[in-house]
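Peer 1: Below: one structure in structure tokens.
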Amino acid sequence: MRTDLCGRLGSGDAGRAVTVCGWVDRRREHSEHLAFIDLRDHSGVLQCVVDGARDLRSEYVVRIIGTVTLRPEGTANPALATGEIELQDCEVELLSRAEPPPFPLDERTDVDETLRLRHRYVDLRKSRMQRNLRARAALNRAIRRAMDAQGFVEVETPMLIASTPEGARDFVVPSRKEPGSFYALPQSPQIFKQLTMVGGVDRYYQIARCLRDEDLRADRQFEFSQLDVEASFATRDDVLGFVTRAVAEATVAVAGHDPGTFDRMTWHDAMERYGSDKPDTRFGMELAELTPVFADTEARVFQAPCVKGICLMGGAETLPRSRVDELVATCQRWGAKGLAWMRVVAAGTGGSALDAGVAKFLSAAEGAAVIDALDASPGDMVFLVADERPLVRHVLGLLRLELGRPPVNDGRFNYLWVVDFPLFEALNAEGEPIPSHHPFTMPHEDDLPVLMSGQPLDGEALLGLRSQAYDLVLNGWELGSGSVRIHRRDIQQRIFEVLGIAPDDAQERFGFLLDAFRYGAPPHAGFAVGLDRLGALLVGEENIREVIAFPKTQSGADPLTDAPSPIADTHLQELGLRVLPPA
RNA sequence: GGUCCUGUAGAUCAGUCUGGAGUGAUCGCCACCCUGUCAAGGUGGAGGCCGCGGGUUCAAAUCCCGUCAGGACCGCCA
194 MRTDLCGRLG
204 SGDAGRAVTV
214 CGWVDRRREH
224 SEHLAFIDLR
234 DHSGVLQCVV
244 DGARDLRSEY
254 VVRIIGTVTL
264 RPEGTANPAL
274 ATGEIELQDC
284 EVELLSRAEP
294 PPFPLDERTD
304 VDETLRLRHR
314 YVDLRKSRMQ
324 RNLRARAALN
334 RAIRRAMDAQ
344 GFVEVETPML
354 IASTPEGARD
364 FVVPSRKEPG
374 SFYALPQSPQ
384 IFKQLTMVGG
394 VDRYYQIARC
404 LRDEDLRADR
414 QFEFSQLDVE
424 ASFATRDDVL
434 GFVTRAVAEA
444 TVAVAGHDPG
454 TFDRMTWHDA
464 MERYGSDKPD
474 TRFGMELAEL
484 TPVFADTEAR
494 VFQAPCVKGI
504 CLMGGAETLP
514 RSRVDELVAT
524 CQRWGAKGLA
534 WMRVVAAGTG
544 GSALDAGVAK
554 FLSAAEGAAV
564 IDALDASPGD
574 MVFLVADERP
584 LVRHVLGLLR
594 LELGRPPVND
604 GRFNYLWVVD
614 FPLFEALNAE
624 GEPIPSHHPF
634 TMPHEDDLPV
644 LMSGQPLDGE
654 ALLGLRSQAY
664 DLVLNGWELG
674 SGSVRIHRRD
684 IQQRIFEVLG
694 IAPDDAQERF
704 GFLLDAFRYG
714 APPHAGFAVG
724 LDRLGALLVG
734 EENIREVIAF
744 PKTQSGADPL
754 TDAPSPIADT
764 HLQELGLRVL
774 PPA
């Protein structure tokens, strides 16, 4: 139907007879016999000079045959990629009429997102969405190329699988042939990729669709895509290398930027210095340890197991009191009892001192130590939280982001491997540990002797154990997680024992994996990278819905198709289901 | 499960705090004019359940309660 794309034509095409197809982006009618039609396809916009008698309106779909011509002297448009040329002697064929679009298609108007999603087919025509969808395609292409080059084999795993009670809520699909039984949609291909290792695939990958029935957020949808990776006879560092290469090549392909080597940080350092296991390292404002400073303090508010602080440069001048009060309230919503703040002022001696806020409760030595630990200067504002250590880290970590986080599209890509995650993240009500990652995660080599000594371990000892689990973080977003898996029966049994999972129980829940491991399991390790998140960050979007063609709203609905929706009674009957009336 | 924010013309918004006639703005849309525009220009016109329900009041877009929808976040996401 066409010979060229609108945006690909240039002065070098002058004189050519071409045929282009697309949507009427804008029309400028001068009279009965002159009109300018900006014709748009995904590649860009081309000005076509047509007889004004033609009734062409916004978003009409047309095919135009004409001659590429250099624009008359003085009428070139430098703001337009094709601004040096135009299509003359146009013959216009109307392919489809169109009603006026439900919202403007320019990039200047921030249209209500529900409206955009309800008419996503129109929204997708905008250059932003075209750019983002094509970035996703380039991302997948680069990743496939990199994984392929590293000897990985793409294997498809099932979407209808058995439900497992762990982790996120499963999406569930009723079985027609066996009423009362259900499939689950995969939260990840975890079990299957490990089975491919037992199956000798050696290096597996998949761009896998995963589903989790948990509340949605700017960086979370029910459905998402991940680069899923597993490798046999591979160490943690091997896996980090495989993934680094794929992600780095994707970064070059999408953002045109080589991120270089990825930094590494232990989970412990991340938590203590940034108050987060996914630190945004594009800016400083690190959490300072102040617990020793207040070890013997008279000040009630700082008599706590842990005290930490952060310093906002220039905050004493830039933060009005009303904003400070908001921050205090915000920290309380996050769970802190309070947020102590003080302004840093110049002292008579040429040094610094603390003023306002809770400053009057501090001794001179404490004040000096706080200033020293936070490296604060006059004009700065310092914030302190005193409480249990996990809460202090959590609240100050969030406050740090609130006060200092750069915009998502500032052009930097600070990839960071967070390593040595704890094996267990907490103890449940029965005093049994809860796995940080999953129960097949290999303990850290240095901690293996403690675990395997056979001695009973108390809660503190258990929570001190590290694992060979690791995360990839980009600019404060968790891109993915992975681990070295347990392939030794004795270690797996010991982990189940510590977790309080009886052998029968383990067999029932993970039997097919444990059975498989009886027949020769190679040492293996793996990873998964969230591609929606990676794609969003690479194009500078702060919301993954912008890089997903047909996303859901925060309540999990699709304004376009009205999903989720009821199904017919006959359909329910066939599936052996009955719907309870609302409670 | 929770906290906070938003909802006014087809679109983006002002008006809401401090109640007084849908007072509106820009873009778009419709009609007419216009032969070098490019966010074209000119003239005229149409277009409103102020999300929805209730309450207070002489009077509600505005205050109160509830509800629905959307968004950000906490919990949750092995």
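Under my numbering, the first residue of the first sequence carries the number 194, and numbering increases by one thereafter.
Glycine included, every Cβ here is placed at the ideal spot set by N, Cα and C.
Does the distance between the C-beta of residue 462 and the nearest non-hydrogen atom of the ligand HEM fall short of 8 Å?
Peer 2: What this structure holds is no ligand at all, so the ligand HEM is not there to describe.
Peer 1: For residue 720, write down the residues that DSSP places opposite it in a beta bridge.
Peer 2: Answer is 422 and 675, bridged to residue 720.
Peer 1: Tell me the rounded alpha-carbon separation between residue 657 and residue 429.
Peer 2: Distance between the alpha carbons of residue 657 and residue 429: 20 Å.
Peer 1: Note the first and the last residue of the continuous beta strand (DSSP E) segment covering residue 240.
Peer 2: Start and end: 237-243.
Peer 1: Just checking my contact of residue 261 with residue 280 at CB under 8 Å: how many whole Å lie between their CB atoms?
Peer 2: Residue 261 to residue 280, Cβ: 6 Å. Contact.
Peer 1: Under DSSP, the alpha helix (DSSP H) around residue 834 begins and ends at which residues?
Peer 2: Absent from the structure is residue 834, since the part of the chain shown begins at 194 and ends at 776.
Peer 1: Please state whether the Cβ-Cβ distance between residue 447 and residue 732 is less than 9 Å.
Peer 2: Result yes, Cβ atoms of residue 447 and residue 732 sit closer than 9 Å.
Peer 1: Nearest-angstrom Cα distance between residue 416 and residue 402?
Peer 2: The alpha-carbon atoms of residue 416 and residue 402 are separated by roughly 7 Å.
Peer 1: Going by Cα to Cα distance, which pick from 285, 710, 373 and 442 is closest to residue 211?
Peer 2: Ranking the options by Cα distance to residue 211, first place goes to 285.
Peer 1: Taking the straight line between their C-alpha atoms, what separation do you get for residue 362 and residue 413?
Peer 2: Using only the alpha carbons, I get a separation of about 14 Å.
Peer 1: Between the Cα of residue 226 and those of 501, 246 and 320, spot the shortest distance and give me the residue it belongs to.
Peer 2: Checking every option, the nearest Cα to that of residue 226 belongs to 246.
Peer 1: Can you tell me whether DSSP reads residue 204 as helix, strand or coil?
Peer 2: It is helical.
Peer 1: Confirm, please, whether the CB-CB distance from residue 618 to residue 628 is below 9 Å.
Peer 2: For residue 628 and residue 618, yes; Cβs fall inside 9 Å.
Peer 1: Please name the residue, chosen from 431, 411, 404 and 427, that lies closest to residue 418 on a Cα-to-Cα basis.
Peer 2: Ranking the options by Cα distance to residue 418, first place goes to 404.
Peer 1: Between the beta-carbon of residue 609 and the beta-carbon of residue 457, is there less than 9 Å?
Peer 2: Taking 9 Å as the Cβ cut-off, residue 609 and residue 457 qualify as a contacting pair.
Peer 1: Between which two residues does the alpha helix (DSSP H) holding residue 222 run?
Peer 2: First-last for residue 222: 210-224, but that is the beta strand (DSSP E), not the alpha helix (DSSP H).
Peer 1: Can you name, in chain order, every residue of its own chain whose Cβ lies under 7 Å from the Cβ of residue 715, other than the five neighbours on each side?
Peer 2: The answer, listed in chain order, is 390, 425, 426 and 680.
Peer 1: Out of 217, 663, 368 and 243, which has the shortest C-alpha to C-alpha gap to residue 224?
Peer 2: Measuring from the Cα of residue 224, the nearest candidate turns out to be 243.
Peer 1: Take residue 498 and list the residues in its own chain whose beta-carbon comes closer than 8 Å to its own, dropping the five residues that flank it on each side.
Peer 2: These residues qualify, in order along the chain: 484, 580, 581 and 582.
Peer 1: Residue ranges of each alpha helix (DSSP H) run of no fewer than 4 residues wholly in the stretch 471-520, ordered along the chain?
Peer 2: For the stretch 471-520, whole alpha helix (DSSP H) runs of length 4 or above, ordered along the chain, are 508-511.
Peer 1: Where does residue 351 sit, in a helix, a strand or coil, going by DSSP?
Peer 2: If DSSP states are grouped into helix, strand and coil, residue 351 belongs with coil.
Peer 1: Are the CB atoms of residue 327 and residue 461 nearer to each other than 9 Å?
Peer 2: Cβ atoms of residue 327 and residue 461: not closer than 9 Å.
Peer 1: Using a Cβ-Cβ cut-off of 8 Å (strictly less than) and excluding sequence neighbours within five positions of residue 643, which residues of its own chain qualify?
Peer 2: Only 650, 654 and 658 meet the Cβ criterion.
Peer 1: By the DSSP assignment, the beta strand (DSSP E) with residue 545 in it spans what residues?
Peer 2: It spans 545-548 - the beta strand (DSSP E) in which residue 545 sits, taken as one unbroken run.
Peer 1: Between which two residues does the beta strand (DSSP E) carrying residue 402 extend?
Peer 2: 396-404 is the extent of the beta strand (DSSP E) around residue 402.
Peer 1: Mapping DSSP to helix, strand and coil, what is residue 739?
Peer 2: DSSP places residue 739 in helix when its eight states are reduced to three.
Peer 1: What would DSSP say about residue 194, mapped onto helix, strand or coil?
Peer 2: Reduced to three states, the DSSP call for residue 194 is coil.
Peer 1: Under the assumption that residue 722 contacts residue 472 (Cβ atoms under 8 Å), give the Cβ distance between them as a whole number of angstroms.
Peer 2: With 8 Å as the limit, residue 722 and residue 472 do not qualify as a contact, their Cβ atoms being about 18 Å apart.
Peer 1: For the candidate residues 727, 744 and 736, whose alpha-carbon lies nearest to that of residue 330?
Peer 2: It is 727 whose Cα lies nearest to the Cα of residue 330.
Peer 1: For the candidate residues 364, 383 and 381, whose alpha-carbon lies nearest to that of residue 375?
Peer 2: Comparing Cα-Cα distances from residue 375 to each of 364, 383 and 381, the minimum goes to 364.
Peer 1: Would you decide whether residue 760 is buried or exposed? Buried here means 16 or more other CB atoms lie within 10 Å of its CB.
Peer 2: Classification of residue 760: exposed, given that the 10 Å Cβ count is below 16.
Peer 1: Closest to residue 661 by CA distance: which of 371, 432 and 671 is it?
Peer 2: If we check each option's Cα against that of residue 661, 432 comes out closest.
Peer 1: Tell me which same chain residues have a C-beta within less than 6 Å of the C-beta of residue 607, skipping the five on either side of it?
Peer 2: Same-chain partners within the cutoff: 474, 475 and 668.
Peer 1: Is DSSP giving residue 601 helix, strand or coil here?
Peer 2: Residue 601: coil per DSSP, three-state reduction.
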